[in-house]
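Q: The structure is given below, and queries will be raised subsequently.
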Amino acid sequence: MTSLARSVLALTGLRKRFGATLALDGVTLSVGPGEVLAITGPSGAGKTTLCRVVAGLETPDEGSVRYGSEPMDDVAPGRRRVAFMFESYALYPHLSVRDNALSPLRAPGGGIPRERHRAIVDETLGLLEIAHLADRLPGALSGGQKQRAALARALVQQPRALLLDEPISHLDAKLRHKLRGAIRQRLMTRESPSIWSTPDGLEALSVGDRVAVIDRGRIEQIGAPEDIWLRPATMTVARLIGDPPMSVLSGELEGEGDALVFAREGLRLPLPAGLAADAARATSRRVSLGLRAGALSLAAEDAAGAARGEIYSHEPFGKHEIITFSVAGGAQIKIKTRTAARVRIGEAAGLICPPDALALFDTETGRALPASAARHTTHDTRDHARPQAAVATTGDLGR
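Residues in the sequence shown are numbered from 5 upward in steps of one, following this note's numbering.
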């Protein structure tokens, strides 16, 4: 097989069914040399199946996998030179942590001189803060330690493609935030394409050069982290990405004089001019309104332009607070604020919705209307800037 260094990993039209369950539904994407593609979606969305197809552990019913110009569909898993960190760890129980990490380097075709094996492994174990566990067997490790041992086994390799299936999901929050930056920095030095799979949308935004959101086996949106964050292409993306995610309410478009209004029980919200112009061209009056938590604010109940409701819950987190605002009919809207709010559960209040807090979706198709997909401006750069892998915490990632 010819060398595929600095080749694109390309997946075209992948479909995979397990009985009545369609695990992958026409997945098409590519990952460039040295690029990290973060794939995020809920449990059962198809993330692991996608990785297993790339590694050759599952055979797609339709579609193809290519590295550069070479098709991989008939290439055995062992000859693909793919490093795959399994979500289930899959450690050799009779080997120590160090020997587990050394095992792929000792295999034929490892590509790294034997005299460098020990140094590479020990450096990687140090990076993952498990060097002191090098001589332990997997049975003597905690779940988070096993996860890092499995991660080390993948990171020491020089593969054609690197697949990380939930590589830090079982670590405590402090270590998870520290390591995602360190691992991201390590991946940036590689020439091979990498896929990082995670159910955590904020993690995906922090580590990926691009992010792919998948649900029920179908890619909902692929784009730069900023695009996924600011311009969700579908209601599914809006409900998955954010801290907290957008609140999405179903309703209808109604005319009110020269204005266009989003209306539902307990809420009538005039749309800003730009959004209304595109909404007026919608094929259906049935729409869903997305409200970005980090751009909303509370006001007095009788404040001009405020939607009326009451405080349903209040969650202080120190440097920010999450307030749930309830309107008549039971709809709830999440607000994220960095200013201390003196609120009482059950008290009446008003909700201010600036233009950049809003996105409109076609309720029937679930897709964003044109203005929602293209027009947002930044309300607060602290809330909307791309999270930085090395320093971001969930508190910094307001929506």
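Beta carbons are placed, not taken as given, at the ideal position from N, Cα and C, and that holds for glycine.
Keep in mind that this is a model prediction, so the values were computed, not measured.
Going by other Cβ atoms of all chains shown within 10 Å of its Cβ, with 16 needed for buried, is residue 161 buried or exposed?
A: The residue in question, residue 161, is buried, as its Cβ has 16 or more Cβ neighbours within 10 Å.
Q: Any chance the region 238-256 sits against the region 60-76, with 3 or more Cβ pairs inside 8 Å?
A: Contact fails: fewer than three Cβ-Cβ distances are below 8 Å.
Q: Can you give me the Cβ contacts of residue 158 inside the same chain, cut-off strictly under 6 Å, excluding the 5 residues immediately before and after it?
A: Once the five neighbours on either side are set aside, the close Cβ partners of residue 158 are 87, 89.
Q: In or out: residue 78 buried (at least 16 other Cβ within 10 Å) or exposed?
A: Looking at its Cβ environment, which holds fewer than 16 other Cβ atoms inside 10 Å, residue 78 is exposed.
Q: Would you report the Cα separation of residue 150 and residue 228, rounded to the nearest angstrom?
A: Spanning the two alpha carbons is a distance of roughly 32 Å.
Q: What does residue 200 pair with, by DSSP beta-bridge criteria?
A: Its beta-bridge partners are 42, 168.
Q: Pull up the DSSP beta-bridge partners for residue 312, would you.
A: Paired residues: 354.
Q: Does DSSP classify residue 225 as helix, strand or coil?
A: Three-state DSSP puts residue 225 in a strand.
Q: Would you mind sorting residue 197 into buried or exposed? The rule is 16 or more other CB atoms within 10 Å of its CB.
A: Classification for residue 197: buried.
Q: Out of 257, 313, 218, 326, state which residue places its alpha-carbon closest to the alpha-carbon of residue 341.
A: The shortest Cα separation from residue 341 among 257, 313, 218, 326 belongs to 326.
Q: Go through its chain and collect everything with a Cβ distance to residue 17's Cβ below 8 Å, but skip five positions before and after it.
A: Closer than 8 Å at Cβ, skipping near neighbours: 30, 31, 32, 66, 67, 68.
Q: If distances are taken between C-alpha atoms only, which option among 121, 63, 82, 143 comes closest to residue 156?
A: It is 121 whose Cα lies nearest to the Cα of residue 156.
Q: According to DSSP, is residue 174 part of a helix, a strand, or is it coil?
A: Note: residue 174 maps to coil in three-state DSSP.
Q: Roughly how far, in whole angstroms, is the beta-carbon of residue 55 from the beta-carbon of residue 219, given that I think they are within contact range, below 8 Å?
A: Actually they are not in contact, since the Cβ atoms of residue 55 and residue 219 sit about 16 Å apart, beyond 8 Å.
Q: Any idea what DSSP makes of residue 323, helix, strand or coil?
A: The answer is coil: DSSP assigns residue 323 none of H, G, I, E or B.
Q: At what residues does the alpha helix (DSSP H) containing residue 124 begin and finish?
A: Its alpha helix (DSSP H) spans residues 121-131.
Q: If contacts are defined as beta-carbon pairs under 8 Å, then residue 43 and residue 199 qualify, I think. What distance do you get, rounded to the angstrom?
A: At roughly 6 Å, the Cβ-Cβ gap stays under 8 Å, so residue 43 and residue 199 are in contact.
Q: Are the CB atoms of residue 47 and residue 203 within a distance shorter than 8 Å?
A: Cβ distance < 8 Å, so residue 203 and residue 47 count as in contact.
Q: If contact is defined by three or more beta carbon pairs under 8 Å, each pair taking one atom from either stretch, is the region 354-362 in contact with the region 210-226?
A: Too few Cβ pairs lie closer than 8 Å, so no.
Q: Would DSSP call residue 23 helix, strand or coil?
A: Coil, per DSSP.
Q: Would you kindly work out how many angstroms separate the C-alpha atoms of residue 12 and residue 234, rounded to a whole number?
A: Their Cα atoms are separated by approximately 28 Å.
Q: Can you find at least 3 beta carbon pairs, one from the region 94-108 and one from the region 123-135, that sit closer than 8 Å?
A: Yes, the region 94-108 is in contact with the region 123-135.
Q: Label residue 164 either buried or exposed according to how many other C-beta atoms from any shown protein chain fall within 10 Å of its C-beta, with 16 as the threshold for buried.
A: So residue 164 ends up on the buried side.
Q: When the distance is taken between beta carbons, is residue 100 closer than 8 Å to residue 140?
A: The answer is yes: Cβ separation under 8 Å.
Q: I want to know whether the region 298-309 touches the region 264-271 - three or more CB-CB distances under 8 Å.
A: With the cut-off at 8 Å, the region 298-309 and the region 264-271 do not touch.
Q: Tell me which same chain residues have a C-beta within less than 7 Å of the C-beta of residue 311, skipping the five on either side of it?
A: Once the five neighbours on either side are set aside, the close Cβ partners of residue 311 are 271, 273, 331, 354, 355, 357.
Q: When the distance is taken between beta carbons, is residue 268 closer than 8 Å to residue 279?
A: Not in contact: residue 279 and residue 268 (Cβ atoms no closer than 8 Å).
Q: Which of helix, strand or coil does DSSP assign to residue 104?
A: Helix at residue 104.
Q: Quick one: complete beta strand (DSSP E) runs, 3+ long, within the region 275-309?
A: The qualifying runs are 290-295, 301-303.
Q: State the start and end residues of the unbroken alpha helix (DSSP H) segment that holds residue 49.
A: From DSSP, residue 49 is part of no alpha helix (DSSP H); its letter is neither H nor E.
Q: Distance check for residue 172 and residue 346, CA to CA, integer angstroms please.
A: So the two alpha carbons sit approximately 37 Å from each other.
Q: Tell me whether the beta-carbon of residue 292 lies closer than 8 Å to the beta-carbon of residue 369.
A: Their beta carbons are not under 8 Å apart, which means residue 292 does not touch residue 369 by this criterion.
Q: Cutting at 8 Å between CB atoms, please list the residues of its own chain near residue 27, excluding the five before and the five after it.
A: Hits under 8 Å: 20, 21, 50, 53, 221.
Q: Between the C-alpha atoms of residue 92 and residue 296, what's the straight-line distance to the nearest angstrom?
A: Using only the alpha carbons, I get a separation of about 35 Å.
Q: Between which two residues does the alpha helix (DSSP H) holding residue 263 run?
A: Run containing residue 263: none in the alpha helix (DSSP H); it sits in the beta strand (DSSP E), 263-268.
Q: Use the C-beta contact count for residue 364: other C-beta atoms within 10 angstroms, 16 or more gives buried, fewer gives exposed.
A: Counting Cβ neighbours within 10 Å, residue 364 comes out buried, since at least 16 surround it.
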